[in-house]
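Numbers in our numbering are just positions in the sequence shown, counted from 1, shifted up by 48. To keep things clear, I will list the structure first and then write my remarks on it.
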Amino acid sequence: ASYNFNGVNQLKLNQKKIKQLVVGLHFYQTHPKFISTFISNKKVKYIKNSSGIFHPKMYLFYNDLRNWELLIGIANLTKSAFSRNLEIMSLISNNDIGSEDVIKTSLSIIKKNWKNASSFTKSELRDYEKSRNNLQKERNSLDGTYGSRTKRNVSTKLLYETEIGKMS
């Protein structure tokens, strides 16, 4: 999850409507300012350690079993995912065929992950931020473009096309 974009800004404004929000931390992608924004909200928790990578994206908007909509797909809760990236999400609602199974399964997944999640203390957030900052250079090195193919026609190379990208 990132911070300071319309999706998260709306979430901040509507914190009282959050019933359960579970966010993953793998690869230090979740921004410390997101965590800090919701640190006192007991309805926001984080998967701090899991077997494998915790990477589901489910956005459930729920009034009751007869009135809900679910976005499920690959979009993280980030500005890039909701603005410039090519992401795919499916919208399923209580009106769809088979929706009873979908909502039961989705609620079960949310319940299971809620049990495995925990809140942050201010001390844990400071440690997380230090670790994230220590790894920022490496994370940044995988982002962006890597040189040009010709001097006149500027086009980028993929990381695996560069000599340094192939070095061990």
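Where is the CB? At the ideal position from N, CA and C, for every residue including glycine.
Item to complete: From the DSSP output, in three-state form, read off Asn54 for me.
Response: Translated into positions along the sequence shown, residue 54 becomes position 6. In the three-state reduction of the DSSP assignment, Asn54 falls in the helix class, which pools H, G and I.
Practice prompt. Pull up the distance between the alpha-carbon of Tyr94 and that of Thr210, whole angstroms please.
Written response: The residue labelled residue 94 in the question sits at position 46 within the sequence shown. The residue labelled residue 210 in the question sits at position 162 within the sequence shown. Distance between the alpha carbons of Tyr94 and Thr210 is about 37 Å.
Item to complete: Measure the C-alpha to C-alpha separation of Asn188 and Met106 and round it to an integer number of angstroms.
Response: In the sequence shown, counting from the first residue as 1, residue 188 sits at position 140. In the sequence shown, counting from the first residue as 1, residue 106 sits at position 58. Looking at the two C-alpha atoms, the distance is approximately 27 Å.
Fill in: Limits of the unbroken beta strand (DSSP E) element including Leu118
Position 70 of the sequence shown holds residue 118. Unbroken beta strand (DSSP E) run through Leu118: Asn115 to Gly121.
Fill in: Alpha carbon of Tyr176 to alpha carbon of Ile83, nearest angstrom
The residue labelled residue 176 in the question sits at position 128 within the sequence shown. The residue labelled residue 83 in the question sits at position 35 within the sequence shown. Distance between the alpha carbons of Tyr176 and Ile83 is about 10 Å.
Worksheet item: In chain order, what residues of the same chain lie with their CB nearer than 8 Å to the CB of Gly121, ignoring the 5 residues before and after it?
Response: As a working note, residue 121 is residue 73 in the sequence shown. Contacts found: Lys105, Glu135, Ile136, Met137 and Ser138.
Worksheet item: Between the region 49 to 59 and the region 139 to 150, do at least 3 Cβ pairs fall closer than 8 Å?
Response: no
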